[in-house]
Structure formats: C-alpha cells, structure tokens
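To start, the structure itself, in structure tokens.
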Amino acid sequence: MDFDVLIVGAGSAGLSAALTLGRCRRRVLLADGGPPRNAPSPAVHGFLTRDGVRPAKLLELGRSQLAPYPTIDVQELKITRLHQLAKGFRAEGTTSEGAAWAGTASRVLLATGVDDLLPALPGFRELWGTGVLHCPYCHGYEVRDQPLAVYGRGKAAVGLALLLTNWSKDITVVTDGPGHLTDYGRQRLRYHHIGLRQEPVARLVGGPDGLLRCVEFTDGTFLERAALFLHAPQEQRSALAADLGARLTHKGAVWVDKNSQTSISGLYAAGDTTPGQQQALLAAAAGGKAAICLNEALTKEQCA
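Given below as structure tokens:
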C-alpha cells in the first residue's frame, strides 16, 4: 500500500485525525478537496482556545501543526472513486491542476462533511453564515437579546424556537405557508410568547454587512429581524460511502460503529459525515477518536 490511511477531507475532523495518526508514525495522505462547510461564517465559536477564530485561520493553524510529522502528506486532491481491494483500497481522483491521480491505502477515513440545502428564495444563500444561521450554540451568543426568526414547520420549528429562548425573548416562527403545527405546538409557542407568521415568504432582505434586516412576505409586509435560524436539510458532500454500498441512516448520514468504522470493513468516517450533533470541536474530537481506532486496528493486523 502507498499509505496506511487515506483521509478524505481536510476540515476539523480530517486534520485532527491526521495529527493523531502522524504522531503514531502512520503513513497518511490527507486529501484536501476544497473549502469546508463553515467557510461563509465569520468565526468558529465554542472551540476551546480558538473561540472566535475565522474558519480559514483554524484550518491554517491545523495544517501548520502537521508539518513536523514526516509521515503526513497533505495534497490538494479531490477523491472521486474508491475501489475495495482484497486488502485495502484503491483511490482515484484529480489534483487541483486537473491531473488524474491514483493510489492505494490500507484504510480510508471519510471526513467529507455535508452540504446544507437552503430554501430557493432570495437572500438565504447570500446571507448564509452571517444573517442566516444553523446553530444557536455556534452563533446564538452573537445575536443575543435581539429579535430573531426561526424558519421551518412542524415539530422541528417549535423545538428550535424554544431552544433559542435562552438567547432572546423576541422570537417569531416563520413557516412560509401552512406551518403544520399541532395544537400542543401552538400552545407551547404562545406560552413562551413566541410569535407565528404563516404567510408565504418572498425574500430575506440584508444589508451590505451581510446581516439580516427583515423577512419580506409575498403580501408586501415585513418582519424586522436581526438573524434567522433554520435546520436545513442536508446531503452528503461525497458519494464515496454510498458508491461502496456503505450503510446510511434514514437521514442520509454515514452509519458508523463504536470504533468509527462504517459497514464496509476498513472504511471509517468521522465528523459531520456521521450522525449526531454538528460542531467544529465535536468534529475534531471525532476525528481524533477515529484515528486511535484506525491505529489500533492496523497494529492488531501487524501483530497478529
């Protein structure tokens, strides 16, 4: 094999895994396929010792700390196919210059993350990461005590609105048409003084600073808000796991066991690719855990 471990994805999970494996003296290829999911965000929050750092700076620091380890190779490389061999995997991809690439590894760790599927309305994509937000734990403190909106329907919208009450007392749920709320859900909103607007949304209006100014409805009315939160549907950034036949959850996440291994022997996954809460610090921790499991599996194989 060319490498002990091929890590696909160089975000928090991939960098953390590479660092741990480099310290285990494993031959690692870290394939960086492009910007991370949180690239539009002005800062990463809740990351111990790095609270408020820009996403690009966090990755820059992570890559710089791989430099002392001679067995780690970092490449600007998009992996497009994986082939399972009798032992290990063959990977194919393209370099940043467009050249074809191929190599082999005993194990593969997928840290490719997910993409958020935003509503196809003006303003959502343009304000994503600044005025349109996905995680109160990541961004709630920055918009504390300001008027907030929650975009969504049903139980999920009610739950997100209730979660935000610790950051703001001025919250309105915007359902963009029929909200499909139960009587109990409406009762909970009223009890906690959370507003409800069910008119269809025309667009989000932001300022030159990238922050939200208001939600505009199709009837011409406006709702002034400082930020809008939503739990957007997601899809895997990479089809590598699915193409190999790996098990996916009902939400489309890559299933892993307690050792971070997928249903395909030798194929591991960590970070937002897998089920669970999504945060940069948690992804880094998951990458470190996966690396330990990978190293122990390789050691067991070598010492059999």
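For what it's worth, my numbering labels the leading residue of the sequence shown as 573, then goes sequentially.
A virtual CB, placed ideally from N, CA and C, is assigned to each residue, including glycine.
>> Can you look up W678 in the DSSP assignment and give me helix, strand or coil?
In response: One point to set straight first is that residue 678 is Ser, not Trp, in the sequence displayed. Per DSSP, reduced to three states, the secondary structure at S678 is strand.
> Skipping 5 residues on each side, what residues in its chain have a beta carbon closer than 6 Å to that of V828?
Replying inline: T834, A841, T846
>> Do L768 and L761 count as a contact pair if the criterion is CB distance below 7 Å?
In response: yes
>> When you compare the CB positions of P708 and L736, do they come within less than 7 Å of one another, or not?
In response: Cβ distance < 7 Å, so P708 and L736 count as in contact.
> Once you ignore the five residues that flank H825 on each side, which residues in its own chain have a CB closer than 6 Å to its CB?
Replying inline: For clarity, residue 825 is Ala in the given sequence; the question names His instead. Within the same chain, A825 has close Cβ partners T846, P847.
> Thinking C-alpha only, which one of P608, K659, S584 is nearest F575?
Replying inline: K659
> Nearest-angstrom Cα distance between E796 and L732?
Replying inline: Straight-line Cα distance between these residues: approximately 19 Å.
>> Since T793 and I766 should fall inside the 8 Å C-beta cutoff, what is the C-beta to C-beta distance between them, to a whole number of angstroms?
In response: The pair is not a contact, with the Cβ atoms about 19 Å apart (cut-off 8 Å).
>> Our contact map puts G685 next to G843 with C-beta atoms below 8 Å; I'd like the distance itself, whole angstroms only.
In response: 6 Å
> Given L657, which residues of its chain have a CB within under 8 Å of its CB, disregarding the five upstream and five downstream residues?
Replying inline: T676
>> Tell me whether G660, by its Cβ, gets closer than 6 Å to a heavy atom of the ligand HEM.
In response: Judged by which ligands are present, the structure shown has none, so any question about the ligand HEM falls away.
> Out of D755, G751, V625, Y763, which has the shortest C-alpha to C-alpha gap to K741?
Replying inline: Y763
>> Which of the three DSSP states is assigned to D574 in this structure?
In response: coil
> Which of the three DSSP states, helix, strand or coil, is assigned to K861?
Replying inline: helix
> Relative to the alpha-carbon of A814, which residue among A798, L802, I836 has its alpha-carbon at the smallest distance?
Replying inline: Nearest of A798, L802, I836 to A814, Cα basis: I836.
>> Does Q637 come out as helix, strand or coil in the three-state DSSP assignment?
In response: coil
> With respect to the alpha helix (DSSP H) encompassing K727, which residues constitute its N-terminal and C-terminal limits?
Replying inline: 726-736
> Is the stretch 634-653 in contact with the stretch 694-707, if contact means three or more CB pairs nearer than 8 Å?
Replying inline: Too few Cβ pairs lie closer than 8 Å, so no.
> So R769 is in the beta strand (DSSP E); what residue range does that whole segment cover?
Replying inline: 767-769
>> Assuming P608 and G583 are in contact, meaning their beta carbons sit under 8 Å apart, how far apart are those beta carbons, in whole angstroms?
In response: 4 Å
>> Can you check which of these residues, E807, G817, L816, L812, is closest to K823 by C-alpha distance?
In response: E807
> Does the stretch 580-594 touch the stretch 849-866, meaning 3 or more C-beta pairs lie closer than 8 Å?
Replying inline: yes
>> If the criterion is Cβ atoms closer than 7 Å, does the pair A856 and S588 meet it?
In response: yes
> Taking the Cβ atom as the reference point for each residue, do W700 and P805 lie within a distance shorter than 7 Å?
Replying inline: no
> Given that a residue counts as buried once 16 or more other Cβ atoms are within 10 Å of its Cβ, and exposed if not, what is L620?
Replying inline: exposed
> Does DSSP put D815 in a helix, a strand or coil?
Replying inline: helix
>> Applying the 10 Å Cβ sphere with the 16-neighbour rule, what's the burial state of C875?
In response: exposed
>> Using the three-state DSSP reduction, which class does A721 fall into: helix, strand or coil?
In response: strand
>> Can you tell me whether G779 is buried or exposed? The criterion is at least 16 other CB atoms within 10 Å of its CB, across all chains shown.
In response: Classification of G779: exposed, given that the 10 Å Cβ count is below 16.
>> Am I right that V730 and L753 are in contact with their C-beta atoms under 8 Å? What's the rounded C-beta distance?
In response: 7 Å
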